[in-house]
Structures are given as structure tokens and as C-alpha cells.
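For what it's worth, the numbering used here labels the leading residue of the sequence shown as 165, then goes sequentially.
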Amino acid sequence: MRVATSVDPAETADAPPGRFTRTQLIRFSHCDPAGIVFFPQYLVMFNQLVEDWFNESLGVNYAGMIAGRHIGLPIVRLECDFRAISRLGDTVELGLAVERAGGRSLTLALQCTGTDGELRVASRQVLVFTSLQTHRAIDIPPDVRDALLRFAPDPALN
Numbered sequence: 165m166r167v168a169t170s171v172d173p174a175e176t177a178d179a180p181p182g183r184f185t186r187t188q189l190i191r192f193s194h195c196d197p198a199g200i201v202f203f204p205q206y207l208v209m210f211n212q213l214v215e216d217w218f219n220e221s222l223g224v225n226y227a228g229m230i231a232g233r234h235i236g237l238p239i240v241r242l243e244c245d246f247r248a249i250s251r252l253g254d255t256v257e258l259g260l261a262v263e264r265a266g267g268r269s270l271t272l273a274l275q276c277t278g279t280d281g282e283l284r285v286a287s288r289q290v291l292v293f294t295s296l297q298t299h300r301a302i303d304i305p306p307d308v309r310d311a312l313l314r315f316a317p318d319p320a321l322n
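Take a look at the structure:
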């Protein structure tokens, strides 16, 4: 069993092209008193996955984008299907794929699966690039768009 808590380049090397994955140990802080993941914690884990994807796969410093460049990336649409529970001590795989990149937004498909391959949670998120000064939508920055094309060269990203 492998638990990723820091950068492990081998971890995403096995992921198919256009997919970013990370293993995650389900911790006490993720769980409710019943010992299962409290559903909002999946959104926290997915947000951490997006940050790791920017930093490690896209090569775009996420903290620098937010704090230095004043570019936000809020979720404006969110769908979640909760299929099975995850328990304290489980190891799960979190995965991310780009479904679409528009002029100002990204649509991501995210999944959480057990080590047995059972789908636990499926989520679709639309994230919009915004100016943190005006809080209005802005175009996807050119360096991010270029990184997206390297990550998943697909017509949906043009």
C-alpha cells in the first residue's frame, strides 16, 4: 500500500495521458463520528488534487497564481454522485481529467475510487478563471492554456 503525502513522480507516471492521479489515505479528520468520510471532505480532497495538478503536472504554481498574479479559480458549477463509502484508514485513488477548456473556464471530471476499483465518488466541476481584484471572469491565462494542451492534446481544449 502506497500513501502519497508529497510529490511522487512515479505516481502519475502510470496514469493514462490526460489524467492526473494521487493516492490518499483517509484520515480521522476526513471522517464523521460513524468513521466514514463526511461528504464535504471529498470536495476538500478534490480541491487539493486540483492544486497538486497545477503544481506538478501543469507546471503552474497554484499559490503564485492566487497570491502573486491575483487570479482565482472558483467552482461555479458542481455535480457529485456519492456511490460508496470510504472508511477511516482506507486508501483511495483520486483522479482528474479535463473534459473541456473554454475561453474562461475549465470543466473537470474528478473521481475517487477504492483500491478494488470501486467508484466511491464522481464529480464534475466547472471552474472559472477570475481576477481577484474585480472578481470578474477573465480569459484562461496563456501559460495555463499551453500547459493544458501539453497535458491533454484534445480538440475539446481548443
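Glycine included, C-beta positions come from ideal geometry on N, C-alpha and C.
- Around the beta carbon of Gly281, fewer than 16 other beta carbons lie within 10 angstroms, which makes this residue exposed.
- Boundaries of the beta strand (DSSP E) harbouring Leu274: Ser269 to Gly278, taken from the DSSP string.
- DSSP places Val256 in the strand class (E or B) of the three-state scheme.
- When secondary structure is reduced to three states using DSSP, Asp310 falls in the helix class.
- In its chain, beyond the 5 residues on either side, Ile190 have a beta carbon closer than 6 Å to the beta carbon of Asp254.
- Per DSSP, the beta-bridge partners of Arg241 are Val290.
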